[in-house]
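Chemist: In full-length UniProt numbering, the protein residues as written are 1 to 268.
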Ligand SMILES: NC(=O)c1ccc[n+]([C@@H]2O[C@H](COP(=O)([O-])OP(=O)(O)OC[C@H]3O[C@@H](n4cnc5c(N)ncnc54)[C@H](OP(=O)(O)O)[C@@H]3O)[C@@H](O)[C@H]2O)c1
């Protein structure tokens, strides 16, 4: 899809990947609705984009039903929507026993409930051809210790995207799914960054991720996983999960050590 003059709604616009994506999309001439809970951060972002007057910020305090239907009405009165990007996400790096009920609920709500509700409401006012792009994670395809709830929600993102895309065949709306690997944003605490370094995990910059995501929109590639090694691990996990059980089992003591440090707030 050519992004020039397309109306794009981006959730989690204030975050690391969100900001980089907003810049890439604005450079290609898209008209953006930047959605998030932090009005100041979104206004600052909007003012740094090419042609700020073409873009809008939308404050969503809690993604309540009323806020979502109000957003759908606003878009409908302004020519509808061409692309919805469900990018907002929340992650808690912690052993399962360390996660509070609120931690669990917030990840489920942010990573799967809100994207599903938003998609349900906005599909009704989307123009065809149109695209829904859902941001998953490699951890949605490889269940990872200390990210059990996050992995579960991102696995749900994957299946939601796949099922809905199949359901919408012939409608002119495509549902794409992208699974980034570790990316240098504030989603990851210093403990997560230190763990990634210790385990030798590769990371991407938000700009690298955003550039690829824009390419996915332009080429309408249905699914994309970041990282050659990560793609290989996803395949091994699907075909020979015992091999991955063993590999992650060897890393478990290190993962547990960093999760405990994270819980105690230790910085070393
Ligand atoms: N960074 C990584 O390593 C990585 C790897 C794989 C996948 N991803 C995925 O990439 C997407 C973007 O993440 P990021 O790395 O850019 O993270 P980030 O910098 O922490 O940004 C996350 C965004 O999500 C929003 N958000 C967080 N909790 C929310 C909640 N409870 N309700 C509504 N909005 C909420 C935040 O908006 P507010 O300003 O409103 O708080 C923020 O804009 C997420 O879906 C994430 O799961 C990230």
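Just so it is clear, CB atoms sit at the ideal spot from N, CA and C, and this is done for glycine as well.
Computed from a prediction, not measured in an experiment: that's the story for all the values here.
Would you say the beta carbon of residue 84 comes nearer than 6 Å to a heavy atom of ligand 1?
Modeler: Outside the cutoff, so no.
Chemist: At which residues does the beta strand (DSSP E) containing residue 130 begin and terminate?
Modeler: First-last of the beta strand (DSSP E) with residue 130: 126-135.
Chemist: Excluding the 5 residues preceding and the 5 following residue 202 in the sequence, name in chain order all residues of the same chain whose CB lies nearer than 8 Å to its CB.
Modeler: Same-chain partners within the cutoff: 181, 182, 227, 229, 230.
Chemist: Going residue by residue through the segment 218-260, where are the continuous alpha helix (DSSP H) segments of at least 4 residues, counting only ones entirely within it?
Modeler: Complete alpha helix (DSSP H) runs here, min 4: 228-239.
Chemist: Is it the case that the segment 66-75 contacts the segment 109-124, given that we only count it when at least three CB pairs across the two stretches are under 8 Å?
Modeler: They touch, by the three-pair rule.
Chemist: Give me whichever residues DSSP pairs with residue 149 in a beta bridge.
Modeler: In DSSP, residue 149 forms no bridge with anything.
Chemist: Here's the rule: buried if 16 or more other CB atoms are within 10 angstroms of the residue's CB, otherwise exposed. What is residue 237?
Modeler: It is buried - the Cβ of residue 237 has at least 16 other Cβ atoms within 10 Å.
Chemist: So, is residue 247 buried or exposed, given that buried needs 16 or more other C-beta atoms within 10 angstroms?
Modeler: Exposed.
Chemist: Can you check the segment 60-99 for any beta strand (DSSP E) of at least 3 residues that lies completely inside it and give the ranges in chain order?
Modeler: Segments of the beta strand (DSSP E) lying fully in the segment 60-99: 81-86.
Chemist: Looking at residue 180 and ligand 1, is the gap between the Cβ and the nearest heavy atom below 6 Å?
Modeler: Yes, Cβ of residue 180 sits closer than 6 Å to a heavy atom of ligand 1.
Chemist: Am I right that residue 131 and residue 217 are in contact with their C-beta atoms under 8 Å? What's the rounded C-beta distance?
Modeler: 6 Å between Cβ atoms; contact.
Chemist: Quick one: residues in its chain with C-beta nearer than 8 Å to the C-beta of residue 4, no 5 flanking neighbours on either side, listed in chain order?
Modeler: Cβ neighbours of residue 4 beyond the five flanking positions: 28, 29, 30.
Chemist: What are the complete beta strand (DSSP E) segments, minimum 3 residues, inside the segment 153-221?
Modeler: As far as the segment 153-221 is concerned, its whole beta strand (DSSP E) runs of at least 3 residues are 173-179.
Chemist: Could you give the DSSP three-state label for residue 2: helix, strand or coil?
Modeler: Looking at residue 2 - three-state DSSP - the assignment turns out to be coil, as it is neither helix nor strand.
Chemist: What's the call for residue 214, buried or exposed, on a 16-neighbour Cβ count within 10 Å?
Modeler: Its Cβ being crowded by 16 or more others within 10 Å, residue 214 is buried.
Chemist: I'd like to confirm the pairing. Which residues does DSSP put opposite residue 56 in its beta bridges?
Modeler: Residue 56 pairs with 33.
Chemist: Could you check the C-alpha separation between residue 124 and residue 159 for me, to the nearest Å?
Modeler: Their Cα atoms are separated by approximately 21 Å.
Chemist: Heavy atom of ligand 1 less than 6 Å from the Cβ of residue 37, yes or no?
Modeler: Yes, the Cβ of residue 37 comes within 6 Å of a heavy atom of ligand 1.
Chemist: Taking only the alpha-carbon atoms, compute the straight-line gap between residue 61 and residue 41 and give it to the nearest angstrom.
Modeler: Spanning the two alpha carbons is a distance of roughly 14 Å.
Chemist: Quick one, are the C-beta atoms of residue 8 and residue 45 less than 7 Å apart?
Modeler: Not a contact, by the Cβ cut-off of 7 Å.
Chemist: With a threshold of 6 Å (Cβ to nearest heavy atom), would residue 18 be considered close to ligand 1?
Modeler: Result yes, Cβ under 6 Å from ligand 1.
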